[in-house]
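Going by the working numbering, the sequence shown opens with residue 149, and the numbers climb by one from there.
Ideal placement from N, C-alpha and C gives every residue a C-beta, glycine not left out.
Every value quoted in this text rests on a predicted model; they were computed, and no experiment measured them.
Beneath this line is the structure, given in structure tokens, with notes to follow.
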Amino acid sequence: FDDFWKVTNGVDDGRDGDALKAARRAIISNSQIDIFNAKVVAEFGKPPFNCVNECMGGPNDQIPASYARSLHDTTYAYLRALNKTTEKFGYLTKDLARNGTLINNMSKGEFQGETGLITFDDNGNRQPNFFLTMLDISDQANVVMNITVIEQYVGDSFVMFTLMRDIASGLIALHGSFAGAHGMLSSENCLINDRWQVKISDFGLNMIRESQPMSKRSNKVFLKYERL
């Protein structure tokens, strides 16, 4: 974050002051990508890659892809799980390395990756973690918020009422539209977004739907009478 608002290409346009004013009002969610990209080219010249000169291609070929950091962390997490497997069993065979369930279980834990703090739960799922940074009174980077997303079912009565109201509002809108009715409403096509709003999907195209066989008996509970 050191003077990131200043021109770095050697051409001074005289507007660093204006850029600083804008930077004071900006919130940055991630800045590690620039640091990582600066290291990638240099690291490729070292073992085991040993890629230098012509091997690196032209100038446009030396720009790391946007997913390079994720690939780095994925590879590191896999190798870390292999090391933990070796420590547990005292050896590592091809069968152990190819045991996806075992490797997934061995992924539990956390480490500092290029995409931030990597935390895996008991199921091998990564828990999202974001840092929001902005400049303080001295124009130095200051972390103002750490956002961690934890999958947890919310059973609060107010939330449940809000979800039911969203479904009812969606059905009212459908009944007044060209679709006329949903016809296959169930929990499978009620989607909840990050704002805890219900979005009703899988409606319309009645001709195609009516030609499809019913695979689940439970779906008949949600059908309108004329389709039964």
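So the beta strand (DSSP E) residue 259 belongs to, where does it begin and stop? 257-261
Can you tell me where the beta strand (DSSP E) holding residue 268 begins and where it ends? 264-268
Please report the distance separating the alpha-carbon of residue 321 from that of residue 315. 10 Å
Please name the residue, chosen from 269, 342, 325, 346, that lies closest to residue 336 on a Cα-to-Cα basis. 346
By the three-class DSSP mapping on this structure, what secondary structure does residue 319 have? helix
Could you please give me the residues that DSSP links to residue 148 through a beta bridge? Beyond the ends of the chain as shown, which are 149 and 376, falls residue 148; an answer cannot be given.
Since residue 266 and residue 258 are thought to touch, with beta carbons under 8 Å apart, how far apart are those beta carbons, to the nearest angstrom? 6 Å
With 16 as the cutoff for other CB atoms within 10 Å, does residue 217 come out buried or exposed? buried
Expressed to the nearest angstrom, what Euclidean distance is found between the alpha-carbon atoms of residue 161 and residue 168? 13 Å
Whole angstroms is fine: what's the gap from residue 176's alpha carbon to residue 330's? 42 Å
What residue range is occupied by the uninterrupted alpha helix (DSSP H) comprising residue 174? Looking at the DSSP string, residue 174 is not in any alpha helix (DSSP H), and its letter there is neither H nor E.
CA-CA distance, residue 247 and residue 285? 52 Å
Go ahead and label residue 254 buried or exposed: buried means 16 or more other beta carbons lie within 10 angstroms of its beta carbon, across all protein chains shown. buried
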